[in-house]
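Novice: Under the working numbering, read the sequence shown as residues 3 to 346, first letter to last.
Let me give you the structure first, and then I'll get to my questions.
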Amino acid sequence: MPIICHVCNDKKALLKRPKTGHALCKECFYWAFESEIHHTIVTGKLFKEGEIVAIGASGGKDSTVLAHTLKVLNERYNYGLDLRLLSIDEGITGYRDDSLETVKRNQQEYDLPLTVLSYETLYGWTMDAIVKKIGKKNNCTFCGVFRRQALDRGAMMLGVNKIATGHNADDIAETILMNILRGDIARLKRCTAIITGDDPSGIPRVKPFKYTYEKEIVAYAYFKKLDYFSTECIYSPDAYRGHARAYLKDLESIRPSTIIDIIHSGEMLSVCQGVKLPSQLKCVRCGYISSNELCKACILLEGLNKGKPKLGIGKTSKVTQQLKLSKSEEASCSGGCNKIKNDL
Ligand SMILES: Nc1ncnc2c1ncn2[C@@H]1O[C@H](COP(=O)(O)OP(=O)(O)OP(=O)(O)O)[C@@H](O)[C@H]1O
């Protein structure tokens with residue numbers, strides 16, 4: 003006996019929703035999926051009419067579904083948004099070059115303007131060259147820091163009002179878990195926000211998929227036959243996030259609401275009064291927001307350019323001190339004074 007859709011009570015159910023456990027037909031699933039994202043956008047006040055929005059487009063499932071859904075909702079509910087695609091080419095042969103081909107096909111399909119910005123142009127380094135220098139351990143630190151800044155720089159170039167990314171509920175639950183495991187209170191406080199970077203100097207980032215399960219994004223892409231690139235990054239298998247992800251998947255198989263429950267817990271956590279949190283400064287070198295005098299990207303870049311790629315992998319404040327010292331010694335010592343520089 004076929005199972006009948008829980009919503010329309012008419013058509014044959016095709017899937018069991020991971021989020022609710024309800025059996026739904028394809029059309030009712032699309033409607034539920036899109037309506038929940040619309041609800042997130044409206045209640046979170048993610049956009050204002052007339053805004054230009056850059057969608058961070060990697061060619062992967064999340065950002066492909068995001069581009070598709072934002073286009074559908076923008077038309078259905080008259081958001082009045084000017085949507086663009088912004089892709090960062092990290093320079094990973096056999097991964098990002100292929101996924102960018104997917105983005106280009108989607109650009110045609112969705113008829114949205116696309117801008118591609120590369121690490122090589124911005125920083126003079128591709129991830130292939132960085133991994134050659136430092137190996138696979140810690141390479142995600144470089145990639146993550148550079149990408150964050152590259153998206154901001156691209157968004158500034160395009161003059162957009164917001165950046166929308168495809169971070170989904172699973173990504174956010176993983177990040178909460180990782181920040182707890184690392185004892186990183188400052189990031190724990192920030193990571194559940196649906197809008198980040200909304201200080202006067204930055205371009206706000208929004209996460210319309212904050213409450214959307216990865217499994218549902220995959221199901222939506224599958225049933226809608228969306229064109230996306232599904233290979234994992236070739237340099238990321240050793241990343242710490244992978245362990246948090248595996249742990250969460252285990253928990254989710256026992257209790258499907260784990261993901262939303264962790265997000266809820268993260269949102270409810272508050273930092274005790276009197277706990278000192280880093281203040282937001284501007285990098286003295288590039289002007290980017292930073293909690294130290296030098297931003298992480300400038301420190302990582304300095305390390306790469308000086309042949310000391312491990313510089314910046316540890317605590318930023320200590321390295322900043324070392325760099326400041328090394329600069330003043332450089333100025334006062336004409337040669338022979340290389341002790342600190344050599345430690346970097
Ligand atoms: N190279 C990139 N260019 C532009 N945006 C990116 C890029 N990489 C990631 N993003 C943005 O950041 C979000 C989260 O990226 P993450 O690396 O976690 O990938 P993901 O969860 O596999 O997402 P996706 O399936 O879209 O690749 C993406 O959905 C996308 O919006």
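Ideal Cβ placement from N, Cα and C applies to all residues, glycine included.
Can you list, in chain order, the residues of its chain whose CB lies under 8 Å from that of Lys-73, leaving out five sequence neighbours each side?
Specialist: Within the sequence shown, residue 73 is the residue found at index 71, counting from 1. The answer, listed in chain order, is Leu-85, Tyr-112, Leu-114.
Novice: Of all the alpha helix (DSSP H) runs that stay within the bounds of the region 132-197, which reach a length of 4 or more residues?
Specialist: Here the runs fully enclosed are 141-160, 171-184, 187-192.
Novice: Applying the criterion that 16 or more other CB atoms from any shown protein chain within 10 Å of the CB defines a buried residue, is Ile-5 buried or exposed?
Specialist: Position 3 of the sequence shown, counting from 1, holds the residue named residue 5. So Ile-5 counts as exposed.
Novice: Assuming Val-133 contacts Tyr-237 (C-beta within less than 8 Å), just tell me the rounded distance between them.
Specialist: If you number the sequence shown from 1, residue 133 lands on position 131. If you number the sequence shown from 1, residue 237 lands on position 235. Rounded, the Cβ-Cβ distance is 6 Å, consistent with contact.
Novice: Taking 7 Å as the cut-off, is the C-beta of Asp-173 nearer than that to any heavy atom in ligand 1?
Specialist: Translated into the one-based positions of the sequence shown, residue 173 becomes position 171. Checking every heavy atom of ligand 1 against the Cβ of Asp-173, one is found closer than 7 Å.
Novice: In chain order, what residues of the same chain have a beta carbon less than 7 Å from the beta carbon of Leu-306, not counting five sequence neighbours either side?
Specialist: By one-based count along the sequence shown, residue 306 stands at place 304. Excluding sequence neighbours, Leu-306 sits near Trp-127, Ile-132, Lys-135.
Novice: So, with DSSP's three-state summary, where would you put Thr-42?
Specialist: Your numbering for residue 42 matches position 40 in the sequence shown. Three-state DSSP puts Thr-42 in a helix.
Novice: Specify the secondary structure class of Gly-58 as computed by DSSP and reduced to three states.
Specialist: Along the sequence shown, one-based indexing puts residue 58 at 56. It is a strand residue.
Novice: Kindly examine ligand 1 and report whether one of its heavy atoms sits closer than 7 Å to the Cβ of Gly-62.
Specialist: Taking the sequence shown and counting its residues from 1, the one referred to as residue 62 is at position 60. Yes, the beta carbon of Gly-62 sits closer than 7 Å to at least one heavy atom of ligand 1.
Novice: Can you give me the start and stop residues for the alpha helix (DSSP H) that Leu-116 sits inside?
Specialist: Position 114 of the sequence shown, counting from 1, holds the residue named residue 116. Looking at the DSSP string, Leu-116 is not in any alpha helix (DSSP H); the run it does join, the beta strand (DSSP E), is 116-120.
Novice: In terms of residue numbering, what span does the alpha helix (DSSP H) encompassing Asp-263 cover?
Specialist: Position 261 of the sequence shown, counted from the first residue, corresponds to residue 263. Looking at the DSSP string, the run of the alpha helix (DSSP H) that includes Asp-263 is 260-270.
Novice: Measure the beta-carbon distance from Ala-223 to Lys-63 and round it to whole angstroms, keeping in mind my assumption that it falls under 8 Å.
Specialist: The residue labelled residue 223 in the question sits at position 221 within the sequence shown. The residue labelled residue 63 in the question sits at position 61 within the sequence shown. Confirmed, Cβ separation roughly 5 Å.
Novice: Whether or not the region 41-51 and the region 194-213 are in contact is what I'm after, with contact meaning three or more pairs of Cβ atoms, one per stretch, closer than 8 Å; do they touch?
Specialist: Touching, yes, given that three or more Cβ pairs across the two stretches are closer than 8 Å.
Novice: According to the neighbour-count rule (16 or more other Cβ atoms, all chains shown, within 10 Å of its Cβ), is Arg-19 buried or exposed?
Specialist: Along the sequence shown, one-based indexing puts residue 19 at 17. Arg-19 should be labelled buried.
Novice: Looking at Val-105 and Leu-83, is the spacing between their C-beta atoms short of 8 Å?
Specialist: Numbered from 1 along the sequence shown, position 81 holds the residue referred to as residue 83. Numbered from 1 along the sequence shown, position 103 holds the residue referred to as residue 105. Contact: no.
Novice: With a threshold of 16 other CB atoms inside 10 Å of the CB of Ile-256, please say whether the residue is buried or exposed.
Specialist: In the sequence shown, the residue the question calls residue 256 occupies position 254. Its Cβ having fewer than 16 others within 10 Å, Ile-256 is exposed.
Novice: Going by the DSSP bridge assignment, what does Val-208 pair with across the sheet?
Specialist: Position 206 of the sequence shown, counted from the start, is the residue given in the question as residue 208. DSSP lists Ala-166, Ile-197 as partners of Val-208.
Novice: Among Val-67, Ser-37, Val-162, Cys-145, which one has its Cα closest to the Cα of Lys-227?
Specialist: If you number the sequence shown from 1, residue 227 lands on position 225. Ranking Val-67, Ser-37, Val-162, Cys-145 by Cα distance to Lys-227 puts Val-67 first.
Novice: Flag Ala-299 as yes when its Cβ comes closer than 7 Å to any non-hydrogen atom of ligand 2, and as no otherwise.
Specialist: Annotation note on ligand 2: not contained in the displayed structure, which lists ligand 1 as its ligands.
Novice: Between Asp-154, Ile-262, Met-129, Leu-153, which lies nearest to Cys-142 when the distance is taken from Cα to Cα?
Specialist: For the purposes of this step, residue 142 is taken as residue 140 along the sequence shown, with counting starting at 1. With distances taken between Cα atoms, Cys-142 lies closest to Met-129.
Novice: Out of curiosity, what's the CA-to-CA distance linking Ile-393 and Thr-198?
Specialist: Given a span of 3 to 346 for the chain in the structure shown, any question on residue 393 remains unanswerable.
Novice: Ligand 1 heavy atoms versus the CB of Glu-92: any closer than 7 Å?
Specialist: Here residue 92 is taken as the residue at index 90 of the sequence shown, counted from 1. Checking the Cβ of Glu-92 against ligand 1 gives yes.
Novice: Can you have a look at Pro-311 and say buried or exposed, based on whether 16 or more other CB atoms are within 10 angstroms of its CB?
Specialist: Position 309 of the sequence shown, counted from the start, is the residue given in the question as residue 311. Pro-311 is buried by the Cβ-count criterion.
Novice: Cα separation between Ile-262 and Arg-247?
Specialist: Residue 262 sits at position 260 when you count from the first residue of the sequence shown. Residue 247 sits at position 245 when you count from the first residue of the sequence shown. Distance between the alpha carbons of Ile-262 and Arg-247 is about 14 Å.
Novice: Ligand 1 and Ala-223: does any heavy atom of the ligand fall closer than 7 Å to the residue's C-beta?
Specialist: As a first step, residue 223 is located in the sequence shown; it is residue number 221 there, counting from the start. No, since every heavy atom of ligand 1 falls outside the 7 Å radius drawn around the Cβ of Ala-223.
Novice: Taking all protein chains shown into account, decide if Asn-294 is buried (16 or more other Cβ within 10 angstroms of its Cβ) or exposed.
Specialist: Indexing the sequence shown from 1 puts residue 294 at position 292. When all chains shown are included, Asn-294 counts as buried.
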